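Under our numbering, the residues of the sequence shown are numbered 1 to 608, in order. Shown next, in structure tokens, is the structure this report addresses.
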Amino acid sequence: MKGVSLPLQEETREADVLVVGGGMAGLCAAIAAARHGARTILMHDRPVLGGNASSECRVHICGADRHNSIPHMRETGILEELRLENLRRNPSKSYSLWDLILYEKAKFQPNLALLLNTSCFRAAMDGASLASVTGLQTTTQTLQTVRAKIYIDCSGDAILAPLSGAAFRMGREARDEFGESIAPEKADSKTMGMTCLFQSREYDRPQTFEPPAWARKFDRCEDLPYGKNGHAWWRMGYWWIELGGEHDSIHDTERLRDELLKITLGVWDHIKNRCPHREQAANWALEWLQFLPAKRESRRFVGDHILTQNDIESEGRFQDTVAYGGWSMDDHHPAGFEAVRLGAPATIFHRAPSPYGIPYRCLYSRNVANLMFAGRNASCTHAAMSSTRVMGTACSMGQAVGTAAALCIEAGLAPRQLCSRISRLQQILLQDDAYIPWLKQDLDPLTTNAKLSASQGDPEPVRDGINRQVGNDPHSWSCSPGDWIAYTFDRPSIVTEATLILDSAMDRNLQMSFHQKDDQLAGIPETMQKSFRVDILRSGRWTPFRHVTDNYMRLVRVAVGEAVEGVRVVFEKTWRAPRSRVYAFCVRQDRSADAQPKAAAADTAGRC
Numbered sequence: 001m002k003g004v005s006l007p008l009q010e011e012t013r014e015a016d017v018l019v020v021g022g023g024m025a026g027l028c029a030a031i032a033a034a035r036h037g038a039r040t041i042l043m044h045d046r047p048v049l050g051g052n053a054s055s056e057c058r059v060h061i062c063g064a065d066r067h068n069s070i071p072h073m074r075e076t077g078i079l080e081e082l083r084l085e086n087l088r089r090n091p092s093k094s095y096s097l098w099d100l101i102l103y104e105k106a107k108f109q110p111n112l113a114l115l116l117n118t119s120c121f122r123a124a125m126d127g128a129s130l131a132s133v134t135g136l137q138t139t140t141q142t143l144q145t146v147r148a149k150i151y152i153d154c155s156g157d158a159i160l161a162p163l164s165g166a167a168f169r170m171g172r173e174a175r176d177e178f179g180e181s182i183a184p185e186k187a188d189s190k191t192m193g194m195t196c197l198f199q200s201r202e203y204d205r206p207q208t209f210e211p212p213a214w215a216r217k218f219d220r221c222e223d224l225p226y227g228k229n230g231h232a233w234w235r236m237g238y239w240w241i242e243l244g245g246e247h248d249s250i251h252d253t254e255r256l257r258d259e260l261l262k263i264t265l266g267v268w269d270h271i272k273n274r275c276p277h278r279e280q281a282a283n284w285a286l287e288w289l290q291f292l293p294a295k296r297e298s299r300r301f302v303g304d305h306i307l308t309q310n311d312i313e314s315e316g317r318f319q320d321t322v323a324y325g326g327w328s329m330d331d332h333h334p335a336g337f338e339a340v341r342l343g344a345p346a347t348i349f350h351r352a353p354s355p356y357g358i359p360y361r362c363l364y365s366r367n368v369a370n371l372m373f374a375g376r377n378a379s380c381t382h383a384a385m386s387s388t389r390v391m392g393t394a395c396s397m398g399q400a401v402g403t404a405a406a407l408c409i410e411a412g413l414a415p416r417q418l419c420s421r422i423s424r425l426q427q428i429l430l431q432d433d434a435y436i437p438w439l440k441q442d443l444d445p446l447t448t449n450a451k452l453s454a455s456q457g458d459p460e461p462v463r464d465g466i467n468r469q470v471g472n473d474p475h476s477w478s479c480s481p482g483d484w485i486a487y488t489f490d491r492p493s494i495v496t497e498a499t500l501i502l503d504s505a506m507d508r509n510l511q512m513s514f515h516q517k518d519d520q521l522a523g524i525p526e527t528m529q530k531s532f533r534v535d536i537l538r539s540g541r542w543t544p545f546r547h548v549t550d551n552y553m554r555l556v557r558v559a560v561g562e563a564v565e566g567v568r569v570v571f572e573k574t575w576r577a578p579r580s581r582v583y584a585f586c587v588r589q590d591r592s593a594d595a596q597p598k599a600a601a602a603d604t605a606g607r608c
């Protein structure tokens, strides 16, 4: 029988912004761009979103708070929204439900279209600008071509660099190129490696494990990184099961995955069958193996600024700071797991301040006019990237670059041209509850000129422009159920929107993790305001306007759209805590609107 050749189908789509890569950076970038009015497409080569944080890899989202060892430094904005949604709907910490939450946030976001299972492989150029990007959607055998105005690469491996000719780096810089003390003396092509994790579960009776013949064997604890103390906690696998830094961390991935599986199974065999303390693991069995390696490093784009070790150590106080980090410069040995044979540590945690700023100039290409990026492929040296690569920091960059892309579309600007309007980008990020160190939010004159009063205490911190505790200053008003806070105006004023930033327990750990530790929240923070009432003042009388009964979001926007003499919030109930903080309460007036403006559009799940 003669075979029939079926050609691939082809589809072409138009967008303002195309985001390539749906890990945490790309997801935040796409949501931010769409929320600020850009027609956005997110192209991702996997069936689930989240990248290293998804069910396929299950890596913790680390950031500037360093697993809450630095309280009040956690990334807010879109990442906080996702984490709070997860606490509400996924208290059992199921990774499949986490995948669902990420999918839902993108799938049902207005202005955002998803292209899942679509691997970017081709780009067309128009001079120094990208004209289109094409990916193969394997589930439909369809070539998906997207023509956009702005392109954002959050793919991790920076796939658009070789496809577009964008400048990039790979490997470690020489010490004297940027004066980085932790860099090697000579430049090389070595990188940090990739990891395959595992998960185990405890049962009520002994569980056996018979390793496959091809698994590696480790008879002694000393054969593993960090010796007998390095594998005492076997619930979630080990970051030091790592290879790839001495190979090509892109083109050798399949071969490295095979070797990582051999090591992973060998480590579990050691724990179950060879370790002197194996009896402690008698009732434990493997539940999950990671088959998609979680990468740390490959290509890094070159922007107008390359972030360095020295920038980080000096706290990155840039005029164009739009994101921040705070993880240590966690520089893994290129040999990874095999470093133990060299007598070297698997990583060195070089000190870094938390926070440090990341400038906008690190987030767009030096030579491709309409290309932006965020995540581990941002414009950094190897040394700086050893800190910026973690996903909490990637989310901070992603929200910044997605918002910037939307502003570029709105104003008809190339990414570099937005530098002249950087303060507007910064202020929009602050309004969206992103954090930019050392920068205050500029509040609407309707807020700053109003009379502020409260049922007790000093309410002034709610309009000081700093929406979290910094050092020992809480920058908040503390209240109990029944307390109220209010603005009153000299004359009736059209209030477009009232905004609250509430207490999501910034001193606690909101980590998504298969196994809970004592400091990790398993439900909505008890300090969060669950129910409150928004009142408006008319003709000298307070009347109820909106009643919120099931809130669990930190950022809450309440559309008003009416001329009033004042706005009051009466807090009725928390999620169990006797006291709670209010970090911000402000009102906004849309001066471009006519006398009867429409209510503000919803920006977050916390809008009422």
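We put the beta carbon where it would ideally sit given N, CA and C, even for glycine. From a predicted model like this one, the values you see are computed outputs, not experimental measurements.
Pull the bridge partners of residue i from the DSSP assignment, please.
{"i": "Leu555", "result": "Ile501"}
{"i": "Tyr356", "result": "Gly325"}
{"i": "Ala285", "result": "Arg201"}
{"i": "Arg611", "result": "Here the chain covers residues 1 to 608 and nothing more, so residue 611 does not appear."}
{"i": "Val582", "result": "Trp477 and Leu502"}
{"i": "Met170", "result": "According to DSSP, which records beta bridges pairwise, Met170 is partnered with nothing at all."}
{"i": "Gly50", "result": "Gly23"}
{"i": "Arg296", "result": "Its beta-bridge partners do not exist; DSSP assigns none."}
Alpha helix (DSSP H) containing residue i: first to last residue?
{"i": "Ala64", "result": "Note, Ala64: premise wrong, no alpha helix (DSSP H); not H, not E."}
{"i": "Tyr95", "result": "Tyr95 to Lys107"}
{"i": "Lys262", "result": "Thr253 to Asp269"}
{"i": "Ile428", "result": "Ile422 to Gln431"}
{"i": "Ala24", "result": "With the sequence shown as reference, residue 24 is identified as Met, and Ala is not the correct amino acid for it. Where Met24 is concerned, the enclosing alpha helix (DSSP H) stretches over Met24 to Arg35."}
{"i": "Asp311", "result": "Gln309 to Glu313"}
{"i": "Leu160", "result": "Leu160 to Ser164"}
{"i": "Leu82", "result": "Ile78 to Arg89"}
{"i": "Leu446", "result": "Pro445 to Thr448"}
May I have the straight-line CA-CA distance separating residue i from residue j, to the nearest angstrom?
{"i": "Arg607", "j": "Ser189", "result": "In this prediction, Arg607 scores a pLDDT of 42, lower than 50, which makes its location untrustworthy; the coordinate-derived value is nonetheless stated afterwards. Each residue's Cα considered, the two are about 48 Å apart."}
{"i": "Asp30", "j": "Leu84", "result": "Note that residue 30 is Ala in the sequence shown here, rather than Asp. Cα to Cα, the separation comes out at about 19 Å."}
{"i": "Asp590", "j": "Arg576", "result": "36 Å"}
{"i": "Asp507", "j": "Arg581", "result": "12 Å"}
{"i": "Asp473", "j": "Tyr324", "result": "20 Å"}
{"i": "His67", "j": "Arg74", "result": "9 Å"}
{"i": "Lys566", "j": "Thr574", "result": "Note that residue 566 corresponds to Gly in the displayed sequence, not to Lys. Roughly 24 Å separates the two Cα atoms."}
{"i": "Arg468", "j": "Cys479", "result": "16 Å"}
{"i": "Gly465", "j": "Tyr583", "result": "9 Å"}
{"i": "Arg351", "j": "Gln441", "result": "29 Å"}
{"i": "Met1", "j": "Thr138", "result": "Per-residue confidence for Met1 stands at a pLDDT of 49, beneath the threshold of 50, marking its modelled position as unreliable; the derived number appears in the next sentence. About 26 Å."}
{"i": "Tyr360", "j": "Pro461", "result": "29 Å"}
{"i": "Phe489", "j": "Arg568", "result": "12 Å"}
{"i": "Leu79", "j": "Pro578", "result": "27 Å"}
{"i": "Glu10", "j": "Thr134", "result": "10 Å"}
{"i": "Leu413", "j": "Gly77", "result": "25 Å"}
{"i": "Leu286", "j": "Met236", "result": "10 Å"}
{"i": "Leu8", "j": "Gln141", "result": "6 Å"}
{"i": "Gln456", "j": "Thr499", "result": "20 Å"}
{"i": "Ala72", "j": "Leu510", "result": "Reading off the sequence, residue 72 comes out as His, not Ala. So the alpha carbons of these two residues sit roughly 12 Å apart."}
Along the beta strand (DSSP E) that carries residue i, what are the first and last residues, could you check?
{"i": "Pro544", "result": "Arg541 to Val548"}
{"i": "Cys362", "result": "Premise fails: Cys362 is in no beta strand (DSSP E) and is neither H nor E."}
{"i": "His382", "result": "Per DSSP, His382 belongs to no beta strand (DSSP E); it is in the alpha helix (DSSP H), His382 to Thr388."}
{"i": "Asp126", "result": "Thr118 to Asp126"}
{"i": "Val401", "result": "Note, Val401: premise wrong, no beta strand (DSSP E); alpha helix (DSSP H) at Met391 to Ala411."}
{"i": "Glu180", "result": "Where Glu180 is concerned, there is no enclosing beta strand (DSSP E), given that its DSSP letter is neither H nor E."}
{"i": "Leu452", "result": "Lys451 to Ala454"}
List the whole-angstrom C-beta distance separating residue i from residue j, where the pair is believed to meet the contact cut-off of C-beta under 8 Å.
{"i": "Glu173", "j": "Thr381", "result": "5 Å"}
{"i": "Asp550", "j": "Thr527", "result": "With a Cβ gap of about 16 Å, Asp550 and Thr527 do not count as contacting."}
{"i": "Arg463", "j": "Leu443", "result": "6 Å"}
{"i": "Gly63", "j": "Trp438", "result": "18 Å between Cβ atoms; not a contact."}
{"i": "Leu418", "j": "Leu430", "result": "The pair is not a contact, with the Cβ atoms about 16 Å apart (cut-off 8 Å)."}
{"i": "Asp16", "j": "Ile150", "result": "7 Å"}
{"i": "Arg58", "j": "Met192", "result": "With 8 Å as the limit, Arg58 and Met192 do not qualify as a contact, their Cβ atoms being about 19 Å apart."}
{"i": "Ile271", "j": "Trp239", "result": "16 Å between Cβ atoms; not a contact."}
{"i": "Ile614", "j": "Asp433", "result": "The chain is shown from 1 up to 608; residue 614 falls before or after that span and cannot be answered."}
{"i": "Pro110", "j": "Ala34", "result": "7 Å"}
Within the present structure, is the beta-carbon of residue i separated from the nearest heavy atom of the ligand GTP by less than 8 Å?
{"i": "Cys28", "result": "The ligand GTP is not part of this structure, which contains no ligands at all."}
Does the stretch 338–355 come within contact of the stretch 394–413, defined as at least 3 CB pairs closer than 8 Å? No, because fewer than three Cβ pairs between the stretch 338–355 and the stretch 394–413 fall closer than 8 Å, the two stretches do not touch.
When the Cβ atoms of the stretch 303–317 are set against those of the stretch 45–57, are three or more pairs found closer than 8 Å? Result no; under three Cβ-Cβ pairs closer than 8 Å.
The stretch 258–267 in contact with the stretch 210–228 per 3-pair CB rule at 8 Å: Segments in contact, yes.
Is the stretch 293–306 touching the stretch 218–237, taking contact as three or more C-beta pairs under 8 Å? No, the stretch 293–306 does not touch the stretch 218–237.
Counting Cβ pairs closer than 8 Å, one from the stretch 509–523 and one from the stretch 531–546, do we hit at least three? Contact fails: fewer than three Cβ-Cβ distances are below 8 Å.
Hey, is the stretch 114–132 in contact with the stretch 534–543, meaning 3+ C-beta pairs nearer than 8 Å? Touching, no, given that fewer than three Cβ pairs across the two stretches are closer than 8 Å.
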